[in-house]
Ligand SMILES: Nc1ncnc2c1ncn2[C@@H]1O[C@H](COP(=O)(O)OP(=O)(O)OP(=O)(O)O)[C@@H](O)[C@H]1O
Ligand SMILES: Cc1ncsc1CCO
Ligand SMILES: [Mg+2]
């Protein structure tokens, strides 16, 4: 796999508008800065036309959504669609409650998402496949993960980015499986949320016709960064992993990505 967009992010420093959850907001902002992008976290309905107008991508994450934030998400998403900037959805824990299901249905009905990033439990729900979820975590199921990811891409006309031990990326036609990462990722909270946030940065510097490759590069770069950090840590050093991942996002090189990336096209 070629590393192309990482350098573009560092050159162009795109501003990424995040409407995200209270657990991971700070980590997402720091991760975007480390990578070379700029974050703006904004959720007030009064600024949901102005912020997309100065941003190069919008990331909507429903992790701890309350009350009227849905109106802000809808307005920001529609504004971003009108402006033609990419919009990413992270449907955190969508299968866990009726409320989350309703919210995500509304977002998918009114906003065209350039990318959707979630774990297997979230994607199985979106694809309409039987799965046993556990809150915001991936849970367990028997269905074919490649097919689930492809179905999500087709159903929502989007780039589907499904994370887990193996990440799967699909544009509905092509499917890539990404074999990097570390079991330390699920031991820190917000690692998926940060992946969604940085996918905003990769899409921001890519042409629409190349979002699939930008997504493959994004998910690989992130998983490789974690994998390289984990190599120098003891199995339980989750705190070091949390901060080490930020450091590695800042220093990872195109060469490291290209040397360590394990991508298969199915
Ligand atoms: N068992 C694993 N082994 C290797 N890498 C993993 C494993 N599980 C997740 N990852 C990596 O962790 C990163 C985050 O994906 P994950 O599936 O944990 O997101 P998530 O469930 O949405 O997380 P959160 O909701 O806590 O933000 C991805 O880069 C993925 O490749
Ligand atoms: C733990 C948690 N709960 C709601 S959002 C979130 C962050 C990881 O998805
Ligand atoms: Mg998640």
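Residue numbers (this note's numbering): 1480 to 1745.
Even for Gly, the Cβ is constructed at its ideal location relative to N, Cα and C.
All values reported here derive from a predicted model rather than from experimental measurement.
With 16 other Cβ atoms within 10 Å as the buried cut-off, status of residue i
| i | result |
| --- | --- |
| residue 1696 | buried |
| residue 1749 | Limits of the chain in this structure are 1480 at one end and 1745 at the other, which puts residue 1749 out of reach. |
| residue 1601 | buried |
| residue 1692 | buried |
| residue 1702 | buried |
| residue 1530 | buried |
| residue 1722 | exposed |
| residue 1637 | buried |
Rounded separation between residue i and residue j - CA only
| i | j | result |
| --- | --- | --- |
| residue 1628 | residue 1489 | 29 Å |
| residue 1537 | residue 1633 | 21 Å |
| residue 1541 | residue 1730 | 30 Å |
| residue 1698 | residue 1673 | 11 Å |
| residue 1655 | residue 1630 | 14 Å |
| residue 1718 | residue 1667 | 8 Å |
| residue 1491 | residue 1700 | 18 Å |
| residue 1689 | residue 1612 | 32 Å |
| residue 1680 | residue 1596 | 13 Å |
| residue 1501 | residue 1686 | 31 Å |
| residue 1626 | residue 1707 | 29 Å |
| residue 1583 | residue 1724 | 29 Å |
| residue 1647 | residue 1641 | 5 Å |
| residue 1590 | residue 1560 | 7 Å |
| residue 1653 | residue 1592 | 18 Å |
| residue 1635 | residue 1607 | 12 Å |
| residue 1663 | residue 1710 | 10 Å |
| residue 1498 | residue 1558 | 14 Å |
| residue 1715 | residue 1503 | 21 Å |
| residue 1624 | residue 1616 | 16 Å |
| residue 1483 | residue 1734 | 10 Å |
| residue 1556 | residue 1726 | 31 Å |
| residue 1526 | residue 1567 | 19 Å |
| residue 1665 | residue 1577 | 25 Å |
Short Cβ contact (8 Å threshold) for residue i with residue j
| i | j | result |
| --- | --- | --- |
| residue 1522 | residue 1548 | yes |
| residue 1732 | residue 1569 | no |
| residue 1598 | residue 1671 | yes |
| residue 1520 | residue 1508 | yes |
| residue 1562 | residue 1677 | no |
| residue 1575 | residue 1614 | yes |
| residue 1586 | residue 1552 | yes |
| residue 1517 | residue 1539 | no |
| residue 1511 | residue 1736 | no |
| residue 1720 | residue 1728 | no |
| residue 1528 | residue 1554 | yes |
| residue 1705 | residue 1506 | no |
Beta-carbon proximity list for residue i, same chain, < 7 Å, skipping 5 on both sides
| i | result |
| --- | --- |
| residue 1581 | none |
| residue 1644 | 1660 |
| residue 1683 | 1493, 1495, 1535, 1536, 1565 |
| residue 1579 | 1541, 1572, 1573 |
| residue 1740 | 1480, 1659, 1699, 1703 |
| residue 1487 | 1684 |
Cβ neighbours of residue i in the same chain (closer than 8 Å, five flanking residues each side left out)
| i | result |
| --- | --- |
| residue 1610 | 1574, 1599, 1600, 1603, 1604, 1618, 1619, 1620, 1622 |
| residue 1742 | 1480, 1655, 1656, 1657, 1658, 1695, 1699 |
Close-in-space but distant-in-sequence residues of the same chain around residue i (CB under 6 Å, 5 per side omitted)
| i | result |
| --- | --- |
| residue 1550 | 1524 |
| residue 1465 | There is simply no residue 1465 to check, as the chain begins at 1480 and stops at 1745 in what is shown. |
| residue 1639 | 1595, 1628, 1631, 1632, 1649 |
May I have a chain-ordered list of the alpha helix (DSSP H) segments no shorter than 4 residues that lie completely inside the segment 1609 to 1686?
1624 to 1635, 1670 to 1683
At 3 residues or longer, and completely inside the segment 1488 to 1533: list those beta strand (DSSP E) runs for me, N to C.
1494 to 1498, 1517 to 1520
Every unbroken alpha helix (DSSP H) within the segment 1532 to 1568, with a cutoff of 4 residues, ordered by chain:
1548 to 1562
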